[in-house]
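Chemist:
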Amino acid sequence: MNQADLPALKSEQDQWDESALGRRKFLNIILWTVTGISALAVGAPAARFLIGNSFEARAGKWVKLGKLSELDPNAVNRVNYSMRALDAWREVQQTGALYAFSPDGGASYVVLDGACTHLGCIVQWRPERNHFACPCHAGYFTREGEVIEGPPPRPLRRLETKIEDDALWAKI
Ligand code: FES
-6 MNQADLPALK
4 SEQDQWDESA
14 LGRRKFLNII
24 LWTVTGISAL
34 AVGAPAARFL
44 IGNSFEARAG
54 KWVKLGKLSE
64 LDPNAVNRVN
74 YSMRALDAWR
84 EVQQTGALYA
94 FSPDGGASYV
104 VLDGACTHLG
114 CIVQWRPERN
124 HFACPCHAGY
134 FTREGEVIEG
144 PPPRPLRRLE
154 TKIEDDALWA
164 KI
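For the sequence shown, the working numbering begins at -6 and goes up steadily by one.
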């Protein structure tokens, strides 16, 4: 090796070190950018699921059950509903059934959510037996929604109601 070549070789080594440092910096920037985007992609929906939906669920949505003239005040009226709702971060079509009956001849109405409190099957009103029956695991409820027997742990959910424009509304 020639002595005169040494500074040139050192200079090449420095250049190589500098370019390696540049590549390392560049890869670090890419790595942190990808990590940040991934954290945002996972974290944002999770945060919305944990925080946002709890507020939305509490807010509820008013559903029109029908004109008072269309409801029978002496019977348990079933109304099926379908609406757009948020499930975690996805918008889905939510369907269900509500039951409305009047304890005072039509002056006011009690509205129950037809979703069984065991695993959510829709209960069926049986007028001849004066009770609700769940077809999934033989759960039974009174007309007021109290559990008679079976696996359901709680009464049927009683919904907030209002009468507006001669129609009955319930907050789901
Ligand atoms: S879902 Fe109604 S009893 Fe199980």
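Ideal Cβ positions, reconstructed from N, Cα and C, are used throughout, including at glycine.
Is A93 buried or exposed, if buried means 16 or more other CB atoms sit within 10 Å of its CB?
Modeler: Buried, because 16 or more other Cβ atoms sit within 10 Å of the Cβ of A93.
Chemist: For S95 versus P128, is the C-beta spacing smaller than 8 angstroms?
Modeler: It is not a contact, given that the beta carbons lie outside the stated cut-off.
Chemist: In terms of DSSP beta bridges, what is V116 paired with?
Modeler: Answer is none; V116 lacks a bridge partner.
Chemist: Output needed for S4: all residues of its chain with C-beta closer than 7 angstroms, excluding positions within five of it in sequence on either side, in chain order.
Modeler: None.
Chemist: Can you tell me which of the three DSSP states T135 falls into?
Modeler: Three-state result, T135: coil.
Chemist: Cα separation between K164 and I22?
Modeler: 50 angstroms
Chemist: Give a yes or no on contact between the stretch 137 to 156 and the stretch 99 to 115, applying the rule of three or more CB pairs nearer than 8 angstroms.
Modeler: yes
Chemist: Taking contact to mean 3 or more Cβ pairs, one atom from each stretch, closer than 8 angstroms, check whether the stretch 68 to 76 and the stretch 112 to 123 are in contact.
Modeler: Verdict: yes, contact present.
Chemist: Have a look at L20 and H111 and give me their C-alpha separation to the nearest angstrom.
Modeler: 53 angstroms
Chemist: In whole angstroms, give me the CA-to-CA distance for Q87 and L24.
Modeler: 41 angstroms
Chemist: Measuring straight from C-alpha to C-alpha, what distance separates P130 and I30?
Modeler: The displayed chain sequence assigns His, not Pro, to residue 130. Distance between the alpha carbons of H130 and I30 is about 46 angstroms.
Chemist: Does D10 pass the burial test, meaning 16 or more other C-beta atoms within 10 Å, or should it be called exposed?
Modeler: Per the 10 Å Cβ criterion, exposed.
Chemist: How is N21 classed by DSSP in three states: helix, strand or coil?
Modeler: helix
Chemist: In the structure shown, what three-state DSSP assignment does G29 receive?
Modeler: helix
Chemist: Quick one: residues in its chain with C-beta nearer than 6 angstroms to the C-beta of S47, no 5 flanking neighbours on either side, listed in chain order?
Modeler: Bear in mind that a pLDDT of 46 at S47, under 50, signals an unreliable position, so the number given afterwards is only what the model happens to contain. Residues of the same chain with a CB within less than 6 angstroms of the CB of S47, apart from the 5 flanking positions on each side, do not exist.
Chemist: Under three-state DSSP, which class holds V69?
Modeler: coil
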